[in-house]
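K.L.:
Here it is, the structure, as structure tokens.
Numbering (the numbering used here), first residue to last: 11 to 395.
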């Protein structure tokens, strides 16, 4: 039991049919899984369940398919099933429909259902679809921490109709985040990146109550700079949140980057301080010099929490600020906790994941748990006690 939530150790899985929800929302490149970190992190749960259960059925989503009720190959889990089969050296039976007869064959030790977001009712948390999923097994294991903030059928709804618990990954995530929430070693630095302040205003306010410093990058920093009357050119900004940004900037814990990597009107890329930004410039990254200004703070920190890239990470020339910060943090003595796909990718690309205190597989759920201390899919499991 963890925080009043049943774990794998609290349920008898021997000889049972087990339904497991993982978060296999991974990236593809040239038709193959390009980053399998999220898959690898589920193997402890899967290995344990396979040692006990008579059969295992895996659920997951992949991306956000626009059409429901039909299969879109761009969002199919078939390649994930093939990749997992290779990792386990076990055959995985892949099902593109929810015909219960197809899951009743006792010879099929491991099955995977196609992307749950292809099915009517999944994202609406439809009770009938939840009950249909529950017919697949005797026990439900929720191990998709990255989706635990979603009240969907496969994350929350199904747990109301069968014995349920969390898996090893969710247990690991909760143990790590509880330490950050309740007893972090101080001083503590928070780092928040990403493009939109609208999606992170609550976590920014929440973190300001917990940290000693809060460094803000990405498009969020543009909105904060503009609220202070600074020129940001044609950079991404949320004008509807300038008042909220102005209020945040009144807190002296906030640290903004002062030097940026900018694309000028003639498409040349240069480094500029915020005072030199022109009306036609576009800010795409935080400069390495801005990161260097954090060196003294980072060296004095005992705990660092980071979510979100500092620039337009998808383009190599604008990923350097994020990658450099990853290197600096990995070399520090602070206990670091990172979350969010692009943040993990930055450490992964630099072969620095093993230098991190804890790397969360989640983005939105990671932030929501830090903000609220709870998540809908996990709260539902407390009701099972």
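Just so it is clear, CB atoms sit at the ideal spot from N, CA and C, and this is done for glycine as well.
Predicted, not measured: the structure shown is a model, and the values here were computed from it.
#1: Please report the Cβ distance between residue 126 and residue 93, rounded to the nearest whole angstrom; I am assuming they are in contact, meaning their Cβ atoms lie under 8 Å.
#2: Using only alpha-carbon positions, find the residue among 304, 335, 311 and 302 that is nearest to residue 317.
#3: With a CB to CB cut of under 8 Å and the five nearest residues on each side skipped, what residues in its chain are close to residue 188?
#4: Kindly say whether residue 301, judged by its beta-carbon, lies nearer than 8 Å to any beta-carbon of chain B.
#5: What's the C-alpha gap between residue 178 and residue 32?
#6: Are the beta-carbon atoms belonging to residue 223 and residue 263 less than 8 Å from one another?
#7: Does the Cβ-Cβ distance between residue 34 and residue 72 come in under 8 Å?
#8: Tell me the rounded alpha-carbon separation between residue 78 and residue 128.
#9: Out of curiosity, what's the CA-to-CA distance linking residue 170 and residue 388?
#10: Whether or not the segment 273-287 and the segment 309-316 are in contact is what I'm after, with contact meaning three or more pairs of Cβ atoms, one per stretch, closer than 8 Å; do they touch?
#11: For residue 378, count the other beta carbons within 10 Å of its own beta carbon; 16 or more makes it buried, fewer makes it exposed. Which is it?
#12: Are residue 166 and residue 16 touching if we call contact CB-CB under 8 Å?
#13: If residue 243 and residue 292 are in contact, beta carbons under 8 Å, what's the gap, nearest whole angstrom?
#14: Rounded to whole angstroms, what is the Cα-Cα separation between residue 286 and residue 323?
#15: Inspect the beta-carbon positions of residue 237 and residue 269 and report whether they are closer than 8 Å.
#16: Residue ranges of each beta strand (DSSP E) run of no fewer than 3 residues wholly in the segment 179-262, ordered along the chain?
#17: Just to confirm, is the Cβ distance from residue 123 to residue 203 under 8 Å?
#18: With a CB to CB cut of under 8 Å and the five nearest residues on each side skipped, what residues in its chain are close to residue 401?
#19: Relative to the alpha-carbon of residue 74, which residue among 355, 363 and 85 has its alpha-carbon at the smallest distance?
#20: Since residue 331 sits in a beta bridge, which residues does DSSP pair it with?
#21: Might you give, ordered along the chain, the residues of its own chain that have their beta carbon closer than 6 Å to the beta carbon of residue 157, omitting 5 neighbours on each side?
#22: Taking only runs of the beta strand (DSSP E) that begin and end inside the segment 36-95, which ones reach a length of at least 3 residues, in chain order?
#23: Give the straight-line distance between the Cα atoms of residue 289 and residue 241, rounded to the nearest whole angstrom.
#24: Tell me which residue opens and which closes the beta strand (DSSP E) that residue 351 is part of.
#25: Roughly how many whole angstroms lie between the Cα atoms of residue 333 and residue 360?
#26: According to DSSP, which residues form a beta bridge with residue 105?
#27: When we look at the beta-carbon of residue 11 and count the other beta-carbons within 10 Å, is it buried (16 or more) or exposed?
#28: Between which two residues does the beta strand (DSSP E) containing residue 378 stretch?
#29: In angstroms, rounded to a whole number, what distance separates the CA positions of residue 180 and residue 252?
#30: Would residue 376 and residue 351 qualify as a contact pair, given that the criterion is a beta-carbon distance under 8 Å?
#31: Label residue 212 either buried or exposed according to how many other C-beta atoms from any shown protein chain fall within 10 Å of its C-beta, with 16 as the threshold for buried.
#32: Kindly indicate the opening and closing residues of the alpha helix (DSSP H) around residue 139.
#33: Only counting the same chain, and skipping five residues up and downstream in sequence, which positions put a Cβ closer than 7 Å to that of residue 26?
#34: Is residue 340 near the ligand ATP, with its Cβ less than 7 Å from a heavy atom?
#35: Would you report the Cα separation of residue 329 and residue 383, rounded to the nearest angstrom?
#36: Use the C-beta contact count for residue 4: other C-beta atoms within 10 angstroms, 16 or more gives buried, fewer gives exposed.
P.N.:
In short, the structure shows the following:
#1: Numbered from 1 along the chain shown, position 116 holds the residue referred to as residue 126. Numbered from 1 along the chain shown, position 83 holds the residue referred to as residue 93. That belief does not hold up - the Cβ atoms of residue 126 and residue 93 are roughly 18 Å apart, past 8 Å.
#2: Here residue 317 is taken as the residue at index 307 of the chain shown, counted from 1. Ranking the options by Cα distance to residue 317, first place goes to 335.
#3: Working through the chain shown from its first residue, we reach residue 188 at position 178. Contacts found: 13.
#4: Of the protein chains in the structure, only one exists, and it is not chain B.
#5: The count along the chain shown starts at 1 and reaches residue 178 at position 168. The count along the chain shown starts at 1 and reaches residue 32 at position 22. The C-alpha of residue 32 is placed about 11 Å away from the C-alpha of residue 178.
#6: The residue you call residue 223 lines up with position 213 of the chain shown. The residue you call residue 263 lines up with position 253 of the chain shown. Cβ distance < 8 Å, so residue 223 and residue 263 count as in contact.
#7: Here residue 34 refers to the residue found at position 24 when the chain shown is read from its first residue. Here residue 72 refers to the residue found at position 62 when the chain shown is read from its first residue. It is a contact, given that the beta carbons lie within the stated cut-off.
#8: Working through the chain shown from its first residue, we reach residue 78 at position 68. Working through the chain shown from its first residue, we reach residue 128 at position 118. For residue 78 and residue 128, the gap between their C-alpha atoms comes out near 5 Å.
#9: Translated into positions along the chain shown, residue 170 becomes position 160. Translated into positions along the chain shown, residue 388 becomes position 378. Going from the Cα of residue 170 to the Cα of residue 388 covers about 12 Å.
#10: The segment 309-316 is not in contact with the segment 273-287.
#11: For the purposes of this step, residue 378 is identified with residue 368 of the chain shown, where counting begins at 1. So residue 378 counts as buried.
#12: Here residue 166 corresponds to residue number 156 of the chain shown, with the count starting at 1. Here residue 16 corresponds to residue number 6 of the chain shown, with the count starting at 1. No. Outside cutoff.
#13: Along the chain shown, read from residue 1 onward, the residue named residue 243 stands at position 233. Along the chain shown, read from residue 1 onward, the residue named residue 292 stands at position 282. At roughly 6 Å, the Cβ-Cβ gap stays under 8 Å, so residue 243 and residue 292 are in contact.
#14: By 1-based counting over the chain shown, the position of residue 286 is 276. By 1-based counting over the chain shown, the position of residue 323 is 313. In a straight line, the C-alpha of residue 286 is about 23 Å away from that of residue 323.
#15: The residue you call residue 237 lines up with position 227 of the chain shown. The residue you call residue 269 lines up with position 259 of the chain shown. Against a cut-off of 8 Å, the Cβ pair of residue 269 and residue 237 comes out as no contact.
#16: Entirely contained in the segment 179-262, the beta strand (DSSP E) runs reaching 3 residues are, in chain order, 198-202 and 223-226.
#17: Along the chain shown, one-based indexing puts residue 123 at 113. Along the chain shown, one-based indexing puts residue 203 at 193. No, they are not a contact pair.
#18: Residue 401 is absent from the structure shown; the chain starts at 11 and stops at 395.
#19: The residue labelled residue 74 in the question sits at position 64 within the chain shown. Out of 355, 363 and 85, 85 has the C-alpha closest to the C-alpha of residue 74.
#20: Taking the chain shown and counting its residues from 1, the one referred to as residue 331 is at position 321. Note: residue 331 sits in no beta bridge, so no partner.
#21: For the purposes of this step, residue 157 is taken as the residue at position 147 of the chain shown. For residue 157, the CB contacts under 6 Å within the same chain, skipping 5 residues up- and downstream, are 33 and 165 in chain order.
#22: For the segment 36-95, whole beta strand (DSSP E) runs of length 3 or above, ordered along the chain, are 65-69.
#23: One-based indexing of the chain shown puts residue 289 at position 279. One-based indexing of the chain shown puts residue 241 at position 231. Here the alpha carbons of residue 241 and residue 289 stand approximately 7 Å from one another.
#24: For the purposes of this step, residue 351 is taken as the residue at position 341 of the chain shown. Per DSSP, residue 351 belongs to no beta strand (DSSP E); it is in the alpha helix (DSSP H), 351-359.
#25: Counting from one through the chain shown, the residue named residue 333 turns up at place 323. Counting from one through the chain shown, the residue named residue 360 turns up at place 350. Distance between the alpha carbons of residue 333 and residue 360 is about 7 Å.
#26: By 1-based counting over the chain shown, the position of residue 105 is 95. Paired residue(s): 123.
#27: Here residue 11 corresponds to residue number 1 of the chain shown, with the count starting at 1. Answer is exposed; the Cβ neighbour count stays below 16.
#28: In the chain shown, the residue the question calls residue 378 occupies position 368. Annotation for residue 378: no beta strand (DSSP E) segment contains it, though the alpha helix (DSSP H) segment containing it runs 374-382.
#29: The residue given as residue 180 occupies position 170 in the chain shown. The residue given as residue 252 occupies position 242 in the chain shown. The alpha-carbon atoms of residue 180 and residue 252 are separated by roughly 36 Å.
#30: As a working note, residue 376 is residue 366 in the chain shown. As a working note, residue 351 is residue 341 in the chain shown. The answer is no: Cβ separation not under 8 Å.
#31: Residue mapping note: residue 212 aligns to position 202 of the chain shown, counting from 1. Exposed is the call here.
#32: Position 129 of the chain shown, counted from the first residue, corresponds to residue 139. Annotation for residue 139: the continuous alpha helix (DSSP H) segment containing it runs 137-144.
#33: For the purposes of this step, residue 26 is identified with residue 16 of the chain shown, where counting begins at 1. Only 63, 64, 148 and 149 meet the Cβ criterion.
#34: Looking at this structure, you won't find the ligand ATP or any other ligand, since it has none at all.
#35: To locate residue 329, count along the chain shown from 1; it is residue 319. To locate residue 383, count along the chain shown from 1; it is residue 373. So the alpha carbons of these two residues sit roughly 31 Å apart.
#36: Limits of the chain in this structure are 11 at one end and 395 at the other, which puts residue 4 out of reach.
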